[in-house]
Structure formats: structure tokens, C-alpha cells
Amino acid sequence: MTTIEYRPAPPAVNFGSLTTATGNAPPVAQDVTYERILDARSEPQNWLTYYGTYDGQRYSPLDEINRENVARLLPAWVFSFAPHGLHAGQSTYAFENCPIVVDGVMYVSGWDGWVWALDAKTGQLLWQYKHAIPFDTSLCCGNVNRGVAVADGKVFVCTLNAHVLALDATTGSLVWDVTSGDVRAGESLTVAPLVVKDRVVVGSSGGEFGVRGHLDAYDVGTGERVWRCYTIPKPGEPGSETWPAEGEAWARGGGNCWITGTFDQETNLLYWGTGNPAPDFDGEIRPGANLHTDSVIAVDADTGEIRWHYQCTPHDLWDYDSNMECILFEQDGRKLLAHFDKNGYCFVLDRTNGERVRIFPFVDRITWGEISPDGAVTPRIYPDKEGEEVHFYPGPAGAKEWTHAAYSPETGLFYVPVQDTGARVARRRREFKESIPYWGAAVIVDAEDMAGSVSAFDPATGQEVWRWRNDLPMCASVLATGGGLVFAGTPAGQFVALDARSGEMLWQFNCGSGHHSSPSTYSIDGKQYIAVPVGWGAWVEGFLPGMMGGPHGQAMFVFSLPEGVESAGGR
């Protein structure tokens, strides 16, 4: 049985760079070890790491909430936080994170340097932390944070001014603080950290400012940097021939790692996606394939060396970051990886060596170009001439944005939040200046003629099995459970439960704001909860401009079954 003991809440204390908490949380995180995260699926009552498990499947075997009773689901509690005053960059004061839950305590990050520990049963605030972020921090796509990691009694979080922090998970006090990037050059951190072994791994943001992307590993105990992996090779390194021989295009080439990767203990490899090259749309400045941008890279967890790579969009002219999740699964005795890319194609790779297994489209409209089953890329529409406007699908937000697909080992299907939206782009030459946006184009994303879906795919064939249609693009991560359910949030505010085998909608609840985040699930004393962070986050103009005037709210909604509703089993 999980019992949370409260301590008296002293007044918040301000120390310039931080605001400490109102009280303490129980010391449950002291026992979170690497070995425990490796075996996270054996304790589905918790959500121990960003995707729930290292494989990135976003699947939980919990089945108290299932197809038979999900229609009875009700809000259990809501956590809402509404700060006021100035802050760095644009924001709607909304969540873009995935809640971590350890033995009845929820750890969650927010915009502008906020971190909270909550009672996962009631939503009561246990402690809070605030990292001060300079108002003039250069941000591409708004004031957001995608989550925390928990291990060794600490909560790890990244900040917009490129710091990595370790907080005491019991008190919320600062344990260590290291700088991971050059904020003056436009580097920032929005990623949720990943704890692997005795290291916490983070990736940089800021590709739209012409920085050189990197992945870093820090010692969990001390914050000392153990290794750095640059995604753009410097002259003389493998892959440098894909950049101009003259000049410094490589040094400002982008390729940032701003979404959390996955990990396989057997291969000892981190699988991480990389972002677009810089400038995003002006390829004349950077002739060549521009490795390792828009790629899946396999990185040795001990040394930080890239063991193999697969580039999804060579010489990207459409802003098609490949940061999206790398889902690990097995099929026919083979260790595989699936990556649903912005460019509209899913790439199934052998994760031991990067060999291509299968490529298939997952959205209806793809006009930018074509990728054949053998991997040949043929561009068709792109901003070629200065000032000449072109229109293509998918737009720069992609057929799937950074938000995540899920895989159910029970059904053997992938569940994908799909965006079917185009954009008009006109190339505009921009001279490089440090910390100034380096896009190289004017971009207008379509506000009409769009659609979305949650679509289920068979990884063995690439065939769509079912599709739940939505009038607007689906801009939030999905969650699959052992109750035979797929949960997803819509731009209009509905949080829905779908039948994992048929796609039939079984339940919905309007949370009052669009969804652009990642739900998780957990249980306390045998009772299952579904946690969904609500709100647009930022960069709404990039993925759904028609919703900019809609409700942007911010809240953590947690759902459960009312007392007396019995589980009939989810299978």
C-alpha cells in the first residue's frame, strides 16, 4: 500500500535563481536505479522514464481501465498552475511534458523553469522549484519543457538557458547545476533527460539559430560531463564530405537532438533522432547530404561514438527534423527500430546495424518528394528560387510532429498521431548572425484544408489497419494500454479512448484546451490512473495556426474509474 506522509509547508524561499518548494515528498526516488528502469515494465504501477520504458513503446500492461468500463472514466484530480509576469520567449503557459510517477509521487516539469512534485493520488503539491531564465533567451519555438528524469534520489531537468539540473527528489532543493550549451549563440535545452547507467543524457536545441547539435552525458552524482557527441562532423571526420569543403557551414549546421532517445541494453546503443540542417530551407548555402542531420543515429552509451546512422531526408529543404521517437521492438527474431518521420514516411530499421528493413508512407498527402521502398529519395517540390513561393505536403511541422506514436505488444500494431497539413514557403536569403533566427525562408502554414487521425499500422507489412479520423491534425502523443485501449488528445480539447483493435471511440472528455503533450498511466493501491498534461505549449503557428485564437489553457488532468466499477479484464 502506498502512503504519502505530509510535512508542514513552510513559506516559499527565494534565492534569486530559484524558488524552493513548499514542503517535502516521501523519499521514493532513492530506490530508483538503472537496473530498476531497465526492468520498468515489471512494475507498471509506475512510469519510471520518459516513454515508460527504454524501448519507447509508450505501452503499459495496466488493464483495470479497459474496453468494457472506460466509458465510466471520470476526472480524479486537476493540477493547474498560473504564474504571472514576464518570461523568456513566447508561451501559452501550457504543458508539453510526460509525467513521471514513482510509488505514488508524480514529478512534472513546466514552462519557464518550473518543476513540481505532486501526490499522484490527490494532486496535492509536495514541492516546487523555479529556475530563473533570462528574458532575452533566444528561442526558436516557444517557452517549453518536455519532462524530467528520476534516479538515485534526484530529479533531472533541462532549462531553456542550456543548463542541466539535478534536484533532490525529496525536498526539491538544487544538488548540482551544469551548463550544457552557449545560450549567447542560441543554444537551449527543451528535451527530457534520459538516465542510462550512471549517466544522464541530454540533447541540445537551437538548430534554427545555426548552432552545431550535440548529445551529452553527465555523471548522475556529480554533474561532470562524461562525453559529448557532435551530430555534425568537423572537417576530416567521417561524413564531413557531405558539407561544403570551404567555409564554416558545418559549424552552424544544426542537427540538434531535442527529443528524448531510446536505449537497448543488449546493443549498448542509444537511438536518437537529429534535427534539420541550418538554414532550414536555403540549401544553396550547404550543398551535400548534410550528415548527420535528419537522421537516426546509434550512439555507444559508454563512449558517445556514433556506431551507425540512417538519414531520412538528405539535404533537407523542408524543415523535416527526424527527432521523433525511435521505437524498439522485435519481429521474426530480429531486433528492429521504427521511426515515424516528419517527411511522412515510417522507417523500419535493423537496430543492430541500421540496415533498412521497410519504408512506408503513413499520411495521405506527400508532395514534397518520394522515397521508394529501396530508400531512394526523389525531391519534387522545394523552395528553389529566391522569393518564389511553393506549396508542399507535409508542412514544416510534419506528418507527425515531435509528439509520439505508441506500440502495443498485445496487438502488434503501431498507433500514430497524424497531421495532414501543408504550407507555403518562399526562400529568403539570411546572412548568419549569432543568436538570430537562421531559417532562410518565409513560411505560412495552411489554416484550412487539413485533417488528422490516429492511424494503426502493421509493422510487418506497412499496411494501415484502421484509422480514427479527426477534422484537425492530431498534435499530441498517444498511449496504448493492456486494457485494449489507445488514448489520444485532440486540438479541440477532447481526450479520447479508442479500441486498440478497431479504432472505435469508446469515451471522450473535453479538457478545455488543445492537447500537445504526452499522457502516461500508473496505479496506486491497485487503482489505475491516466495522467494527461493539457495545453498548446508553443509554436502553434507552426503546426496549427487556425487554433491560435482557441483556448490554450494549462492543467494536469488525471482520470480514474469511480469507486465500485469492477474491471472485466481488458482483453
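Going letter by letter, the sequence shown gives residues 740 to 1310 in our numbering.
We put the CB at the ideal spot given by N, CA and C, even for glycine.
In terms of alpha-carbon separation, which member of the options lies closest to residue i?
i	options	result
T1200	W853, A931, Y793, A1077	A1077
D1159	L1283, L1075, G849	L1283
V809	A856, T898, Q1247, I1098	Q1247
P765	G942, K893, F1101, P1016	K893
P800	I1183, V1193, A1145, G1242	A1145
V939	S819, I776, V1273	I776
R1168	A1136, Y957, R885, W1178	W1178
T1106	G1114, G1137, I1098	G1137
E926	L1008, H902, Y1121, E1187	H902
V854	T861, F1226, F820	F820
D1210	A1227, E1203, M1189	M1189
W1011	N882, W1141, V959, L899	W1141
D937	E963, E1302, H870	E963
S1111	F1086, W1278, E1128	F1086
N884	F895, R1208, D1089, R967	F895
I1263	M845, A1040, L1067, D907	M845
What residue range does the alpha helix (DSSP H) around residue i cover?
i	result
F1282	1279-1282
E1069	E1069 -> not in any alpha helix (DSSP H); beta strand (DSSP E) instead, spanning 1066-1070.
E1128	That residue, E1128, is in no alpha helix (DSSP H); its beta strand (DSSP E) goes 1128-1131.
L777	773-777
Starting from residue i, trace the beta strand (DSSP E) both ways and give me its first and last residue.
i	result
L906	902-907
R1097	1095-1100
T1117	1116-1118
T1200	Per DSSP, T1200 belongs to no beta strand (DSSP E) and is neither H nor E.
P983	Note, P983: premise wrong, no beta strand (DSSP E); not H, not E.
F1020	Per DSSP, F1020 belongs to no beta strand (DSSP E) and is neither H nor E.
P1156	1152-1159
When burial is assigned at 16 or more other CB atoms within 10 Å of the CB, is residue i buried or exposed?
i	result
N1029	buried
L813	exposed
G1014	buried
T929	buried
A956	buried
D778	exposed
K1081	buried
F1296	buried
M1287	exposed
E1170	exposed
I971	buried
F1079	buried
I872	buried
T961	exposed
S781	exposed
T1042	exposed
I1175	exposed
G1281	buried
A760	Caution is warranted here: a pLDDT of 49 is assigned to A760, below 50, making its placement in the model unreliable, and the coordinate value is therefore given only provisionally. The residue in question, A760, is buried, as its Cβ has 16 or more Cβ neighbours within 10 Å.
H870	buried
Below 9 Å between beta carbons: does that hold for residue i and residue j?
i	j	result
S1061	A931	no
H1143	R797	yes
N1249	G1232	yes
T1260	A1239	no
C996	L954	yes
G1292	V1273	yes
G1083	Y1132	yes
R1119	E1109	yes
A1162	I1183	yes
C1051	V1035	yes
H1048	P1016	no
* Can you find at least 3 beta carbon pairs, one from the segment 985-1003 and one from the segment 1018-1029, that sit closer than 8 Å? -> yes
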